[in-house]
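What follows is a set of notes on a single structure, which appears directly below.
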Amino acid sequence: MSDPQTPVPGTTLDLRTLTHVAYGLFALGFLTSGILGIATLAAVVLMYLKRSDAAGTVYAAHFDWMLRTFWWAMLWLAISGIGLYIFIGWLGLIATVVWVLYRLIKGWLALLEGSAPTTYA
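One point on numbering: in the working numbering, the residue at position 114 of the sequence shown is 376, and numbering is uninterrupted.
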């Protein structure tokens, strides 16, 4: 399988490695339940900084995938946090955790296959 990345002059890390690092940081922050939440924030900053380098490659789809996962998770966690006052927020928290875990696994597996993550099938 050939690497679908187009080389970007002046970068020290290739985009495939950078995307693995972003997934790893995101997962580290997620799996430690926010104790190492700075790792997730570092992944988001890294993706925003390298987004222009990834434009036009399969890695751009992975960056978009993780950024959408982060921002939607923040929204649903905030709504669930508000819902905790009427004792239904736990359902939202559980659903959000399962959804984020699903998207992390699906995206990382797609990266290992060298393809873009898809929202269907």
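Every residue gets a Cβ at the ideal spot worked out from N, C-alpha and C, and that includes glycine.
Nearest-angstrom Cβ-Cβ length linking residue i and residue j, presumed shorter than 8 Å
i	j	result
G369	W327	5 Å
F332	V307	Contact doesn't hold; Cβ gap of about 11 Å is too wide.
Bounding residues of the alpha helix (DSSP H) (the contiguous stretch that carries residue i)
i	result
L346	Segment: none, L346 is in no alpha helix (DSSP H) and carries neither H nor E.
I300	G299 to A316
T281	L277 to L293
Separation of residue j from residue i, as counted between CA atoms
i	j	result
G345	L339	9 Å
S314	A304	17 Å
L298	L277	24 Å
I350	S295	20 Å
L275	L374	17 Å
Y310	T279	16 Å
V360	V320	25 Å
A316	T281	10 Å
Y347	L293	25 Å
L355	L287	21 Å
S377	R330	18 Å
T358	L290	16 Å
F325	K312	9 Å
S342	I300	21 Å
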